[in-house]
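Counting from 721, one number per residue, gives the positions in the sequence shown under the working numbering.
Note that CB positions come from ideal geometry on N, CA and C, so glycine has one too.
A quick write-up on the structure given underneath.
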Amino acid sequence: MEDRERHGRESYFVVGEGLLGVGDDARPAFTSMSADLRAFRFSRLGPTGRQPGEPARRRIAAAMTRDARKRDSAIPAGYTYLGQFVDHDLTFDRSRLGDDRTVPIADLVQGRSPSLDLDALYGLGPSLSPGFYADDGVHLRRGTTIPVPGDPGTGRAHPGFDVPRRAGGAPRIPDPRNDENLAVAQIHAAFIRFHNRVVDVLAADGVPEAARFEAARTAVVKHYQWMLRTDFLPRIVRPGIVDAVFGGGRKVFEVAPPPGDPPTMPVEFSVAAYRAGHSMVRSAYDWNRIFDDGSGTLDLLFTFSGTGGDLGGEARLISSWIADLRRLFDFDEHGEHPELRPVVRGRSRLNMARRIDTLLADPLAHLPAGSTGGPEARPARRNLAFRNLTRARMLRLATGQQMAALMRSRGVDVRTLTAERILEGNGGARLDALNAAQRAALARDTPLWFYVLREAELAGGRLSGVGGRLVAETFHRAMEGSAISILGDPGFTPALGVVPGRFGMTDLLLFAAEGREELLNPLG
């Protein structure tokens, strides 16, 4: 869920179209065969579509970032940033291969394909990306927080509760985007702890050291994919759609790829459908017992990161900003862990994500200059909604209506939203500021991102129809195309959860924390 253009991409290599830049008049650019081989490959599912002009985009974006009526969802807020972590696993960042080592072409292509294989955590493994690993080449490096005076919790360093860093605070992880806000950085740190705990358990079980890394990575990736399939996806996509895709196969995206062919990334997913997560972002969080009662504001979550901010002027995260994970994920969802409920002064401190709809939190209307790549002459260009709509125009993305028609032609039961539903919605963006011509154009040729959000808004806050199918099929293909895949191992059953056969994000975090509350909430 890339929410800041500086850390997004500046060009898209679209299969069959060449390299598309991000100017307002995006034109194909000729590239060498060598450059094409090394390019992260995007694809286009639908036709090119008509997009609103700048005046209409400004008005739509302004309507989408008026937050007065924004509602909470039933999804714990941590899934917002888990979704961002997954996005960085699916989409490529050049820094991942930014050293001078010779990389085999097979590893290069696999490392640049949108597979759900945790390459944003592992890079290319300890032999080709040794800087991300401890001296034993099996454990991942971890970061340690800086003590700050105050109390016993903040007054000491906490090993493992920051991402590893270089001198000056830059993250020492395969994808620096996982440090562009504190929430996604804390999730990355938790995945490091998860991998390292799996390594330790395998060592205790007698797995030979030479086989330990690959055994750990295989276990971690399969449990991760299981969690995405059974926990994450059904929260953001209508479960019936997820079941239909994973049970009956894909109908729209790379339906019968040649064996071994790496997946591509559909621009309709990356530039529209998966950006639905932007609407889940809160303006503020009850972050931990120190930054409570909404004082964990969104701007501070950017500040106390190394890629999106400056860590408050420090070289590492300070201890007072460690997340209380009990406030981001519901560990008592199944009634098994009442002791992990985050209750303070009689009130639950569990943060909920905002509803997936056509409204975004107020701060996303005014991104800081640093997050947009430099000073912007026009305030509209610092509005995240405007930037998303403009990126779709750059790529001439299909409209929602075009994608609905395409899906019906492939046998998917999808209805096209009526003009009334597009314009009126259900408690989302009010489009009163658009003139009659702009409203008619929006109802006829709806930008895919807005269309997907309107679908979710009308479906109670889950992706449905076009958006749900795009997300479920892209995830399915990304798992199918991974070298480690639960789809290629139908007998796999997760073994690391609290309940045999069940493994969600809270199971992952509990396993990483050895079941200890003090490792889920180090500050008490």
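{"query": "Span of the beta strand (DSSP E), counted from its first residue to its last, around arginine 1074", "result": "1072-1074"}
{"query": "Distance between glycine 769 and aspartate 871 (C-alpha atoms, nearest Å)", "result": "58 Å"}
{"query": "Beta-ladder partner(s) of isoleucine 866, from DSSP", "result": "Ile1038"}
{"query": "Helix, strand or coil at serine 793 [DSSP, three-state]", "result": "strand"}
{"query": "Nearest residue (CA-CA) to leucine 1207, options Pro1242, His943 and Arg958", "result": "His943"}
{"query": "One or two residues paired with threonine 1119 in a DSSP bridge", "result": "Pro1167"}
{"query": "Those residues which DSSP pairs with leucine 1018 across a bridge", "result": "Its beta-bridge partners do not exist; DSSP assigns none."}
{"query": "Alpha-carbon spacing of alanine 996 relative to glycine 926, whole angstroms", "result": "44 Å"}
{"query": "C-beta contact flag for glutamine 945 and leucine 836 at 7 Å", "result": "yes"}
{"query": "Whole-angstrom C-beta distance between valine 940 and phenylalanine 694, which should lie under 8 Å", "result": "Examination of residue 694 is not possible in this model, given that the chain is present from 721 through 1244 alone."}
{"query": "Contact test: glycine 1221 Cβ vs the ligand MN heavy atom, cutoff 6 Å", "result": "No copy of the ligand MN occurs in the structure displayed, which carries no ligand at all."}
{"query": "Outcome for arginine 1113 when other beta-carbon atoms lying within 10 angstroms are tallied against a minimum of 16", "result": "buried"}
{"query": "DSSP three-state assignment for alanine 992, whether helix, strand or coil", "result": "coil"}
{"query": "Any C-beta of chain C under 7 Å from that of aspartate 1152", "result": "Of the chains in the structure shown, none is chain C; there is only one protein chain."}
{"query": "Straight-line gap, leucine 1168 to glutamate 1059 (C-alpha atoms, nearest Å)", "result": "43 Å"}
{"query": "Touching by the beta-carbon criterion (3+ pairs, under 8 Å), the stretch 836-848 and the stretch 1000-1009", "result": "no"}
{"query": "Proline 1083, DSSP secondary structure in three states", "result": "helix"}
{"query": "Bridge partners - tyrosine 732, DSSP secondary structure assignment", "result": "Leu740"}
{"query": "Minimum C-alpha distance to aspartate 1082 - residue among Leu1228, Val987, Asp1019 and Asp1044", "result": "Asp1019"}
{"query": "Contact belief for isoleucine 866 with arginine 1036 at Cβ below 8 Å, rounded distance in angstroms", "result": "5 Å"}
{"query": "Which of helix, strand or coil DSSP assigns to valine 1064", "result": "strand"}
{"query": "Cβ neighbour criterion (16 or more within 10 Å) applied to asparagine 1103", "result": "buried"}
{"query": "Residues near alanine 1163 by beta carbon distance below 7 Å, same chain, minus five either side", "result": "Ala1139, Ile1142 and Leu1143"}
{"query": "Contact the stretch 1073-1081 vs the stretch 779-787: 3+ CB pairs below 8 Å", "result": "yes"}
{"query": "Close beta carbons around proline 834, own chain, < 6 Å, minus the five adjacent residues each side", "result": "Leu810, Pro983, Met985 and Ala1198"}
{"query": "Alpha carbon of proline 928 to alpha carbon of leucine 1183, nearest angstrom", "result": "45 Å"}
{"query": "C-beta atoms of phenylalanine 952 and threonine 1226 nearer than 7 Å", "result": "no"}
{"query": "Element boundaries [beta strand (DSSP E), containing leucine 881]", "result": "The amino acid occupying residue 881 in the given sequence is phenylalanine; leucine does not appear at that position. Segment 879-882, the beta strand (DSSP E) holding phenylalanine 881."}
{"query": "Identity of the residue in Glu1034, Glu1193 and Ser847 nearest phenylalanine 933 by Cα", "result": "Ser847"}
{"query": "Local conformation of leucine 1240 per DSSP, three classes", "result": "helix"}
{"query": "For valine 957, the residue or residues it bridges with in DSSP", "result": "Leu1183"}
{"query": "With 16 other Cβ atoms within 10 Å as the buried cut-off, status of threonine 1110", "result": "buried"}
{"query": "Selected residue, minimal CA-CA separation from arginine 876, among Leu922, Arg1116, Trp1041 and Arg937", "result": "Trp1041"}
{"query": "DSSP bridge partner residues for proline 767 (one or two, in chain order)", "result": "DSSP output for proline 767 lists no bridge partner at all."}
{"query": "Pairwise C-alpha distance: asparagine 1155 and isoleucine 907", "result": "43 Å"}
{"query": "Unbroken alpha helix (DSSP H) run spanning tyrosine 853, endpoints", "result": "Tyrosine 853 -> no alpha helix (DSSP H), and no H or E assigned at all."}
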